[in-house]
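For reference, the structure is listed below as structure tokens.
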Amino acid sequence: MINKKIGVLLLFVVLFSFGANAQRAASMRINEVLVDNEDNFVDDYGKRHPWIELYNTSAGTVNIAGCYLTNDKNNPKKYPIPKGDVLTIIPPHQHTLFWADGEPNRGTFHVNFTLDPATDNYIALYDADGRTLIDEITIPAAQKADVSYGRVIDGQDEWAQLTKVTPSTNNLTLDSNEKIENFKENDSIGIGMTVTAMAVVFSGLFLLYIIFKQVGKFAIAASKRNAKKAAGTASGVSADAGEESGEIFAAIATALYEMSDDNHDVENTVLTIRKVARTYSPWSSKLYGLREVPRK
Amino acid sequence: MFGSILLQAAGVQESFLQFLGKNLELFLTYTGVYNATPGHIIMILIGLFFIFLAIKYEFEPMLLIPIGFGILIGNIPFKDAGLQVGIYEQGSVLNILYQGVTSGWYPPLIFLGIGAMTDFSALISNPKLMLIGAAAQFGIFGAYTIALQMGFEPNQAGAIGIIGGADGPTAIFLSSKLAPNLMGAIAVSAYSYMALVPIIQPPFMRLLTTKKERLIRMKPPRAVSSTEKIIFPIVGLLLTCFLVPSGLPLLGMLFFGNLLKESGVTRRLAETARGPLIDTITILLGITVGASTQATQFLTLNSIKIFGLGALSFVIATCAGIIFVKIFNLILKDGNKINPLIGNAGVSAVPDSARISQTVGLEYDPTNYLLMHAMGPNVAGVIGSAVAAGILLGFLG
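Protein sequences, first through last, are from chains L and G.
The working numbering applies: residue 1 is where the first sequence begins, and numbers increase by one.
The working numbering applies: residue 1001 is where the second sequence begins, and numbers increase by one.
Rendered as structure tokens:
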């Protein structure tokens, strides 16, 4: 019993740890970096500094408070992202920008290191434990001024120099719904969609049909087996038990009755064979969803 | 002295009367009578017609009464003065209730209740009936194709096509994702045609079948064990959702509700899901969908087109189901043939379309009861339309 409880507890722990993972910062990515900011985006103080853009790749909100940004492989906890700032809560598929100006006293989004255009710049994002690396990138040296280095499509693997600098917005600007445009261009009549979708609907229900045909066969075989077993138990007493007429049972019962009541006076007795019917009750009704009494 | 007082009083009285007059004039601009347009009157008449159909002919009263009354609520004209009374005004009571429709969380809850009240025995005992439920989904894609030709965008055409699934919650769910601006018309159209199934389907059932086919007697369904009934929702969920994960909100809740029912150990939960919960959501869904038909937003050419396409999609779905059975019968042995009158039940209007099969079947043979057989394709249609919605969402969302 205790083992069972421990098992259930462990199961919950595993389940919750999986669930918790979705809420953590693991889905954040370093998305775009501008190392040499000469004539680009300015911060709230009207100053130009290098900046680092993070992107939430997940469909859930992520709070990055407590995570770490660093430019030093040996010091993962270099800049702890402050807690208690609502702006560290990043909505699904949204961006946030950190200024690499070495001025952390200017606010949550100003880190305590800078980026140097003359050398390679290592940037990493660590989880709140300070050990789990979420994402890292090394920006090659000699980046051009006002040209950022970022992922071609938000959150995806390919990095490139981006002449179209996009702080806090999508790296690839979409001006139409690609899926819909694709259908408009290639399937203007709708035949492609009809054929594909009907094929999927039919396959799904056909698979269900195949599975339940087999399940049905098993169920029928099992019920026959059970019926045979039940018949076999009865035949343990006599091969053709149950085939005798009611009169024989009545005669045997009368004989037993007379024998057991031998010491008593003879009384008027009527012996009948009556069919036993189970009376209806809502408590035993299948309609009310109760389980059937196991048949043994 | 006295005269000047009188003059002063008269002046005060005059300005007071002016004040009252202006107030009354202002009040009049707030009344429904002042703001009414012919569109409002038309919509109110439609609402009254729905209520009439529900009470007089008992056409889906559970849907048509809330929707019909919702149309009345939604079409009381008012001045847009930020009083937070309209369903489209952010923060109004109706708007808050409408979130369940726009965010798409009413439909999965309805599916939970449907799952908890559906007995899949007919389908499990004769699983080939599932294929009829698949065939009837041609209604969705037939309407999708025609909608494209009428100039709708693919995402709008997908949302309109789903009306052919004859499943109100699915239609609302999909249109809220693919074409929120058409959702009111799609929802009202889907529910209206579901209520009109007894009028739409029988003529096509008679037209497409011969007398001999209508008299086909099907084998009585075998008894289904409780183990099979428990396996069904689990396998059904895993199989359909692994194939079409975007159908998860609807299929997940449908099969979950069914497991609550069939497991036999969660009787209270099943009773809640198929009783108070589904009733509550039906009320909220019906009234808000009805109220969303504000004449200013609803009475457009697109709405009329959607109503036309909706009717067409029902007809295509009905015909596809019946024709599929007729073709299927060509490969079935004599004792296993299916009565094509249950083909119409492939649309997922549960249980109305199955009832139509029974009614039409009894007209030709008063001892041939088709209801039990028709429930098979009927519930398969629920699964099929949810899968189809998932596909459309996956492709066009």
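Positions of the beta carbon are idealized from the N, C-alpha and C atoms, including for glycine.
These figures come from a predicted structure and were not determined experimentally.
Quiz item: Counting pairs of beta carbons, one from the region 29-48 of chain L and one from the region 147-157 of chain L, are three or more of them closer than 8 Å?
Solution: Verdict: yes, contact present.
Quiz item: Can you find a C-beta in chain G that's less than 8 Å from the C-beta of phenylalanine 16/L?
Solution: Since pLDDT at phenylalanine 16/L reaches only 47, below the 50 mark, its modelled position is unreliable, and no value is offered.
Exercise. At 8 Å on the CB atoms, spell out the chain G contacts of serine 176/L, in chain order.
Key: Near serine 176/L there are no residues of chain G at all, since even the closest Cβ is about 11 Å away, more than 8 Å.
Quiz prompt | For glutamate 1058/G and aspartate 1352/G, the rounded distance between their alpha carbons | solution = Using only the alpha carbons, I get a separation of about 12 Å.
Quiz item: Using a beta-carbon distance below 8 Å, is threonine 1240/G in contact with chain L?
Solution: yes
Exercise. Quick one: using the 10 Å Cβ neighbour count with 16 as the cut-off for buried, is glutamate 1014/G buried or exposed?
Key: exposed
Practice problem: Name, going along the chain, the residues of the region 205-217 of chain L whose beta-carbon falls closer than 9 Å to a beta-carbon of chain G. | Solution: Residues Leu205, Phe206, Leu207, Leu208, Tyr209, Ile210, Ile211, Phe212, Lys213, Val215, Gly216.
Quiz item: DSSP puts aspartate 39/L in a beta bridge; with which residues?
Solution: Answer is none; aspartate 39/L lacks a bridge partner.
Quiz item: Looking only at its own chain, which residues have a Cβ that is under 7 Å from the Cβ of threonine 1170/G, when we skip the five neighbours before and after it?
Solution: Pro1107, Ile1162, Leu1250, Ser1385, Ala1386, Ala1389
Exercise. Assign asparagine 71/L to one of three DSSP states: helix, strand, or coil.
Key: Asparagine 71/L: coil per DSSP, three-state reduction.
Self-check item: Strand pairing of histidine 95/L, partner residues [DSSP]
Solution: Tyr55/L
Quiz item: Taking Cβ positions, are glycine 1381/G and glycine 1346/G nearer each other than 8 Å?
Solution: yes
Quiz prompt | Three-state secondary structure assigned by DSSP to glutamate 1089/G | solution = coil
Exercise. Examine chain G for any beta-carbon lying closer than 8 Å to the beta-carbon of alanine 22/L, and answer yes or no.
Key: Because alanine 22/L sits at a pLDDT of 39, beneath the cut-off of 50, its placement in the model cannot be relied upon, and the following sentence gives the value as read from the coordinates. For alanine 22/L, the answer is no, since every Cβ of chain G falls outside 8 Å of its Cβ.
Quiz item: At a Cβ cut of 9 Å, what residues of the region 1325-1338 of chain G count as close to chain L, listed as they run along the chain?
Solution: none
Quiz item: Can you tell which of Lys1333/G, Leu1131/G, Ser1292/G has the C-alpha that lies nearest to the C-alpha of asparagine 1181/G?
Solution: Ser1292/G
Practice problem: Using 10 angstroms around the beta-carbon of alanine 1223/G, count the other beta-carbons present and answer buried if the total reaches 16, otherwise exposed. | Solution: exposed
Quiz item: Cα-Cα, which of Ala1317/G, Leu1112/G, Gly1139/G, Ser1125/G is closest to aspartate 1279/G?
Solution: Leu1112/G
Quiz item: Is there a Cβ from chain G that is less than 8 Å from the Cβ of threonine 194/L?
Solution: yes
Quiz item: Measuring CA to CA, which of Ile134/L, Lys164/L, Ala141/L, Ile252/L is closest to asparagine 56/L?
Solution: Ile134/L
Quiz item: Excluding sequence positions up to five away, which residues of its chain have a Cβ less than 6 Å from the Cβ of threonine 80/L?
Solution: Reading the sequence as shown, one finds proline at residue 80/L and not threonine. Excluding sequence neighbours, proline 80/L sits near Tyr68.
Quiz item: Within 8 Å (strictly less), CB to CB, does lysine 184/L reach chain C?
Solution: Annotation note: the requested chain C is absent from the structure, which comprises protein chains L and G.
Quiz item: Would DSSP call alanine 1223/G helix, strand or coil?
Solution: In the structure shown, alanine 1223/G sits in coil (DSSP, three-state: anything other than H, G, I, E or B).
Exercise. Please go through the same chain and pick out, in chain order, the residues whose beta-carbon is closer than 8 Å to the beta-carbon of isoleucine 1204/G, but skip the five residues on each side of it.
Key: For the sequence presented, residue 1204/G should be read as phenylalanine rather than isoleucine. Excluding positions up to five away in sequence, the list reads Val1315, Thr1318, Cys1319, Ile1322, Asn1344.
Practice problem: Any chance you could list the alpha helix (DSSP H) runs of at least 4 consecutive residues sitting entirely within the region 1053-1101 of chain G, in chain order? | Solution: 1061-1074
Quiz item: Who are the near neighbours of glutamine 1201/G in its chain, counting only those whose CB is closer than 7 Å to its CB and skipping five residues on each side?
Solution: Hits under 7 Å: Thr1318, Asn1344, Ser1353, Ile1356.
Self-check item: Whole-angstrom distance between alanine 100/L and threonine 163/L, CA atom to CA atom
Solution: Cα-Cα distance, rounded: 20 Å.
Quiz item: Counting contacts by CB-CB distance shorter than 8 Å, is glycine 190/L in contact with chain G?
Solution: yes
Practice problem: Verify whether the separation of the beta carbon atoms of methionine 1194/G and alanine 1166/G is less than 8 Å. | Solution: yes
Quiz item: So what does DSSP say about glutamate 207/L, is it helix, strand or coil?
Solution: Per the sequence shown, the amino acid found at residue 207/L is leucine instead of glutamate. Three-state DSSP puts leucine 207/L in a helix.
Quiz item: Are the beta-carbon atoms of lysine 1079/G and threonine 1037/G separated by less than 8 Å?
Solution: no
Quiz prompt | Opposing strand residues paired with tyrosine 1034/G [DSSP bridges] | solution = According to DSSP, which records beta bridges pairwise, tyrosine 1034/G is partnered with nothing at all.
Exercise. With a threshold of 16 other CB atoms inside 10 Å of the CB of serine 1189/G, please say whether the residue is buried or exposed.
Key: buried
Exercise. Return helix, strand or coil for leucine 150/L, following the three-state DSSP convention.
Key: Looking at the sequence shown, residue 150/L is not leucine but glycine. Reduced to three states, the DSSP call for glycine 150/L is strand.
Practice problem: Report the neighbours of isoleucine 180/L on chain G: residues whose CB is nearer than 8 Å to its CB, in chain order. | Solution: Glu1153, Pro1154, Asn1155, Leu1396
Quiz item: threonine 138/L lies in the beta strand (DSSP E); which residues open and close that run?
Solution: 133-139
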